[in-house]
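**Q** Quick note: the sequence shown uses the working numbering, first residue 31, plus one each step.
Quick one: this structure, given as structure tokens, is what I'll be asking you about.
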Amino acid sequence: MNQDQPDIASQNPAGEPAAEPSLQQQLDSLHNELALLRSESLRERADLDNQRKRVARDVEQARRFANEKLLGELLPVFDSLDAGLNAAGSEPSPLREGLELTYKQLLKVAADNGLTLLDPTGQTFNPDHHQAISQVDAPGAAPGSVVQVFQKGYLLNDRLLRPALVVVARD
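See the structure below:
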């Protein structure tokens with residue numbers, strides 16, 4: 031190529047030589063690109079951190095409530111043992127002692143897995159944990175308090191598994 035003729039590639043469409051960006055413009059452009067890449071990197075890092083925290087929270091929730099189905103299916107067993115104890119009377123007998131021991135062992139295993147028994151007799155009615163099936167006049171009982179429990183309730187790691195079925199003193 032002849033040195034007197036300008037390079038065609040460095041010309042703009044009008045045929046004039048293209049002006050090369052100054053070093054300062056190139057530097058500014060690179061700084062802007064670097065800032066953009068840093069910003070994207072920080073966003074991606076924050077997204078990854080948030081995702082890691084979300085997964086850890088989900089795993090913890092799954093661990094805490096993994097046995098919910100099993101413990102929920104054991105509730106009728108608790109009810110049956112409770113009914114058996116009530117039917118056995120208050121007199122000491124080998125049958126009553128065996129039922130009490132079985133009930134206590136089952137409650138301990140369930141408690142070790144996050145289950146809490148709700149027996150609200152004498153407590154104030156709590157609609158978050160109790161289901162009122164009726165109201166009665168109860169002399170000597172505070173209005174709004176639980177006077178009788180038909181079915182005990184249960185919490186699993188502070189989450190209601192089954193509400194207690196109760197009778198409440200009328201206001």
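We treat Cβ as the ideally placed atom computed from N, Cα and C, and that holds for glycine.
These numbers were taken from a predicted model, which means no experiment stands behind them.
With DSSP run on the structure shown, which of helix, strand or coil describes Arg82?
**A** Here Arg82 sits in helix by DSSP.
**Q** With H, G and I counted as helix, E and B as strand and the rest as coil, what does DSSP make of Ser164?
**A** Strand at Ser164.
**Q** What residue range does the beta strand (DSSP E) around Phe180 cover?
**A** It spans 176-181 - the beta strand (DSSP E) in which Phe180 sits, taken as one unbroken run.
**Q** What's the C-alpha gap between Glu50 and Gln56?
**A** Rounded to the nearest angstrom, the two C-alpha atoms are 10 angstroms apart.
**Q** What is the C-beta distance between Val166 and Val197, in whole angstroms, given that I count them as a contact (C-beta under 8 angstroms)?
**A** About 6 angstroms separates the two Cβ atoms, so the contact holds.
**Q** Under the three-state reduction of DSSP, which class applies to Ala118: helix, strand or coil?
**A** Here Ala118 sits in coil by DSSP.
**Q** Nearest-angstrom Cα distance between Ala162 and Asp79?
**A** Roughly 45 angstroms separates the two Cα atoms.
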